[in-house]
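These notes concern the structure reproduced below.
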Amino acid sequence: MESASLKGRAIVFALCAGAVVFILALLATSHGQLSADTMGRALIPAIVCSVLSWAAAERSVASTAAAIDSAIARIAKAAHGDLDSPIPEDIGAAVPHLAEAMHGLFQQVAANLDSVHRLAMFDPVTALPNRTHFRRSAERQLAEMPIGQIAALLFIDLDRFKAVNDTMGHATGDMLLGMVANRLRAVADSVSIDEVSDKPLIGRLAGDEFTMFFPRLDDAREATRIGRGVLFALTEPFDIAGAEIEIGASIGIAMRPGHGTTLHDLMRAADAAMYHAKATGRGRAEHFSEELAAELADRAQLEIDLRTAVDRDQFTLVYQPQVSLTDGRIVAAEALLRWQHPTDGVKLPGSFLPRAEETGLIVEIGEWVAARVTETIRRWADLGVEQRLAINISQRQLDHAMFFRRLREAMLAADAPARLLELEITETLAMHCSEDVIEAIAALRADGATIAIDDYGTGHSSLSRLRQLPIDRIKLDRSLVEHVATRREARLIAQSVIGLIHGLGCEAVAEGIEQDDQAEMLRVIGCDVIQGYAVAQPMDEQAFLAWSRNATGPRGKAVVSVR
Ligand code: C2E
Ligand code: MG
Ligand code: MG
Numbered sequence: 000m001e002s003a004s005l006k007g008r009a010i011v012f013a014l015c016a017g018a019v020v021f022i023l024a025l026l027a028t029s030h031g032q033l034s035a036d037t038m039g040r041a042l043i044p045a046i047v048c049s050v051l052s053w054a055a056a057e058r059s060v061a062s063t064a065a066a067i068d069s070a071i072a073r074i075a076k077a078a079h080g081d082l083d084s085p086i087p088e089d090i091g092a093a094v095p096h097l098a099e100a101m102h103g104l105f106q107q108v109a110a111n112l113d114s115v116h117r118l119a120m121f122d123p124v125t126a127l128p129n130r131t132h133f134r135r136s137a138e139r140q141l142a143e144m145p146i147g148q149i150a151a152l153l154f155i156d157l158d159r160f161k162a163v164n165d166t167m168g169h170a171t172g173d174m175l176l177g178m179v180a181n182r183l184r185a186v187a188d189s190v191s192i193d194e195v196s197d198k199p200l201i202g203r204l205a206g207d208e209f210t211m212f213f214p215r216l217d218d219a220r221e222a223t224r225i226g227r228g229v230l231f232a233l234t235e236p237f238d239i240a241g242a243e244i245e246i247g248a249s250i251g252i253a254m255r256p257g258h259g260t261t262l263h264d265l266m267r268a269a270d271a272a273m274y275h276a277k278a279t280g281r282g283r284a285e286h287f288s289e290e291l292a293a294e295l296a297d298r299a300q301l302e303i304d305l306r307t308a309v310d311r312d313q314f315t316l317v318y319q320p321q322v323s324l325t326d327g328r329i330v331a332a333e334a335l336l337r338w339q340h341p342t343d344g345v346k347l348p349g350s351f352l353p354r355a356e357e358t359g360l361i362v363e364i365g366e367w368v369a370a371r372v373t374e375t376i377r378r379w380a381d382l383g384v385e386q387r388l389a390i391n392i393s394q395r396q397l398d399h400a401m402f403f404r405r406l407r408e409a410m411l412a413a414d415a416p417a418r419l420l421e422l423e424i425t426e427t428l429a430m431h432c433s434e435d436v437i438e439a440i441a442a443l444r445a446d447g448a449t450i451a452i453d454d455y456g457t458g459h460s461s462l463s464r465l466r467q468l469p470i471d472r473i474k475l476d477r478s479l480v481e482h483v484a485t486r487r488e489a490r491l492i493a494q495s496v497i498g499l500i501h502g503l504g505c506e507a508v509a510e511g512i513e514q515d516d517q518a519e520m521l522r523v524i525g526c527d528v529i530q531g532y533a534v535a536q537p538m539d540e541q542a543f544l545a546w547s548r549n550a551t552g553p554r555g556k557a558v559v560s561v562r
């Protein structure tokens, strides 16, 4: 009786000691991250401690010595991953509580390891392999593949998923992703395979990006067919809680061995092809190609050249005047960026600004423009030329938290008054900028700067938004005034837009004016200012100063005749 209660107490003590060690070991090793490895490392000292504590308390019971040896041997096996084989019978016979405790613990650890493994390998929303798991599996298969074997990697990006997520909520978005995964599984299942190892892999890389790897195909045409199948499957509407949701996808396809033999190369190629599919109208499946490879190389080279241009000060500015249609005087000049490329000659912004935007280099370039323009304002003012200069601002610049601060610093450093500075912000950008940006623009305007909306007529403006913006002038895009002198409807549209701009209390500026009859018609329909080749081309600083002196004369002679 006494020996039984001693045994009981010993087991309780041993289990408690084990539990304490287990928790301490977990805390000491996990750093807040529970991994399979951590669990294993925590479990072993706990079990060993339990057994040793128990053994210490029970060492007087000679009959259990063999059972302890057996338990230690079994625990050693568990430490090497064997959580499944049964607990040896001699432990159960001699110390049943220990056998039960070991059994319970092994079961619990096995279950925990399973769930840790699932979490580490699979995406919980779609139950598809996650990025890491997909990469490992595909890399393993590629490494073992015979040289000539044809395989394909598909990079799939959903087309309108963000809109669904934003408008219908994340729960609906998650459901949709689950349904997309099921349709991809169905497409993969429809591809016939000879061996299990040829089974396609599907993965969710992130957000609305999926990938499929087909380890054995007959040729590239088969990949095209599969791509079409995926497009078809994802174009069919999804029915979620009674709502019909239409999305679609853009797909990039890379072939092994043609476009690479490593996962890294295939991913890059498929990714580039997918971007090409998106850029050329979405809802398409595009193969990677030599032309795309050349385009990628050009883009990479352009980025390198742009960085060099920033470092070596290869940029310059030209100035294009804007003249008033009421009195013919120069009211402002727009500063336009040029790149003096060492081998290609002068490059226009259209050939390099989009890349500068993508890479973020526009921030540095924009700072250079702001510094140069404010310095020019000062220099000209010292020469007696009080000329307002306009600079173009792009999206990435406005996104940059320091933009307005740097601009003010540049103005201060050059001692350039705000009234001689104009900011041009495109219509599209103006429609989407944040409240903070609007506040900063308003503050600059309150200090005397002029704010213009550029390229009006190329985006989608909301009138109420336009009314709220702190702006002084709106520049009608060239496309809006191109046919103003020759087509009645073009004239009527331009006239109504000018009326609307005046209604907003702003000045109407027409850009890209090449013909005198366009200028004349614009004057007749009430446009205030024009800019374009009909007045003057963009000119370098010396040419601009000479031109403006000639154009205005000592007391401000009119540049364009005003009838
Ligand atoms: P934008 O601000 O709309 O500038 C007007 C563009 O029209 C300039 O092209 C100008 O040279 C051109 N242009 C002027 N008059 C005429 C004309 O009569 N006919 C025609 N067909 N075109 C005319 P550019 O210099 O190639 O600049 C293109 C765009 O690049 C600019 O459009 C502006 O959005 C951007 N850009 C230029 N400089 C900068 C800059 O320093 N920073 C930023 N972020 N963007 C700039
Ligand atoms: Mg502009
Ligand atoms: Mg413009």
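Numbering-wise, the sequence shown is residues 0 to 562 according to numbering that gives the first Met the number 0.
Where a beta carbon is used, it is the ideal one built from N, C-alpha and C, also for glycine.
Less than 8 Å between the CB atoms is what I'm expecting for Val-508 and Asp-527, so what's the real figure, rounded? The Cβ separation is near 7 Å, so the contact holds.
Cβ of Ile-510 within 6 Å of any heavy atom in ligand 3? Per the sequence presented here, residue 510 reads as Glu, with Ile not at that position. It does: the Cβ of Glu-510 is within 6 Å (strictly closer) of some heavy atom of ligand 3.
Any non-hydrogen atom of ligand 2 closer than 6 Å to Asp-471 Cβ: It does not: the Cβ of Asp-471 is nowhere closer than 6 Å to a heavy atom of ligand 2.
Whole angstroms are fine: how far does the CA of Ser-196 sit from the CA of Glu-235? 30 Å
Do the CB positions of Ala-296 and Trp-338 come within less than 7 Å of each other? no
Status (buried if at least 16 other CB within 10 Å, exposed otherwise) for Ser-547: buried
Excluding five sequence neighbours on each side, which residues of the same chain lie with their C-beta closer than 6 Å to the C-beta of Ala-98? Ile-86, Ile-90, Gly-91
Would you please state the rounded distance, in angstroms, between the beta carbons of Val-211 and Leu-153? I believe it to be under 8 Å. In the sequence as presented, Val is not what sits at residue 211; that position holds Met. Right, the Cβ-Cβ distance comes to about 4 Å (below 8 Å), so this counts as a contact.
Only counting the same chain, and skipping five residues up and downstream in sequence, which positions put a Cβ closer than 7 Å to that of Arg-371? Correct list, in chain order: Leu-316.
How would the residue list near ligand 2 read, in chain order, if you kept each one whose beta-carbon is closer than 5 Å to any heavy atom? Asn-391, Glu-423, Asp-453
Which residue spans inside the stretch 116 to 166 form an unbroken alpha helix (DSSP H) run of at least 4? 130 to 142
Rounded straight-line distance, which links the Cα of Gln-107 to that of Leu-127: 25 Å
Under the three-state DSSP convention, the category Leu-382 falls into: coil
Candidates Pro-537, Ile-149, Glu-208: closest to Leu-176 by CA position: Glu-208
How should Gln-541 be labelled, buried or exposed, when 16 other C-beta atoms within 10 angstroms of its C-beta is the threshold for buried? Its Cβ having fewer than 16 others within 10 Å, Gln-541 is exposed.
Might you give, ordered along the chain, the residues of its own chain that have their beta carbon closer than 6 Å to the beta carbon of Arg-418, omitting 5 neighbours on each side? Gly-447
Heavy atom of ligand 1 less than 6 Å from the Cβ of Leu-335, yes or no? yes
Could you pull the DSSP bridge partners for Lys-198 from this structure? Answer is none; Lys-198 lacks a bridge partner.
Three-state class that DSSP yields for Ile-524 in the structure shown: coil
Hey, is Glu-245 close to ligand 1, as in C-beta under 6 Å from one of its heavy atoms? no
Determine, using beta-carbon pairs with one atom in the stretch 480 to 492 and one in the stretch 424 to 441, whether at least three such pairs fall under 8 Å. no
Find out if the Cβ-Cβ distance for the pair Ala-389, Glu-333 is shorter than 7 Å. yes
Can you grab the Cα-Cα spacing for the pair Arg-182 / Gly-228, in whole Å? Approximately 10 Å between the Cα atoms of the pair.
What are the boundary residues of the beta strand (DSSP E) that includes His-169? That residue, His-169, is in no beta strand (DSSP E); its alpha helix (DSSP H) goes 169 to 189.
Can you tell me where the beta strand (DSSP E) holding Pro-320 begins and where it ends? 314 to 323
Cβ neighbours of Ile-146 in the same chain (closer than 8 Å, five flanking residues each side left out): Pro-256
Collapsed DSSP secondary structure at Thr-449 in the structure displayed: The answer is strand: DSSP assigns Thr-449 an E or B state.
Per DSSP, Met-254 is paired with what? Ala-151
Stretch pair the stretch 349 to 369 + the stretch 398 to 408: three plus CB contacts closer than 8 Å: yes
By how many angstroms is the C-alpha of Thr-449 removed from the C-alpha of Glu-421? Annotation: Glu-421 to Thr-449 spans about 4 Å, alpha carbon to alpha carbon.
Going along the chain, which residues of its own chain have a beta-carbon closer than 8 Å to the beta-carbon of Lys-161, five neighbours each way excluded? Asp-207
For Ile-422, the residue or residues it bridges with in DSSP: One point to set straight first is that residue 422 is Leu, not Ile, in the sequence displayed. Partner(s): Ile-390, Ile-450.
Ile-473 and Cys-505 look like a contact to me (Cβ under 8 Å); what is the Cβ gap, rounded to whole Å? 5 Å
Go ahead and label Pro-123 buried or exposed: buried means 16 or more other beta carbons lie within 10 angstroms of its beta carbon, across all protein chains shown. exposed
Would you say the beta carbon of Ser-547 is closer than 6 Å to some non-hydrogen atom of ligand 1? Ser-547 Cβ: outside cutoff for every heavy atom of ligand 1.
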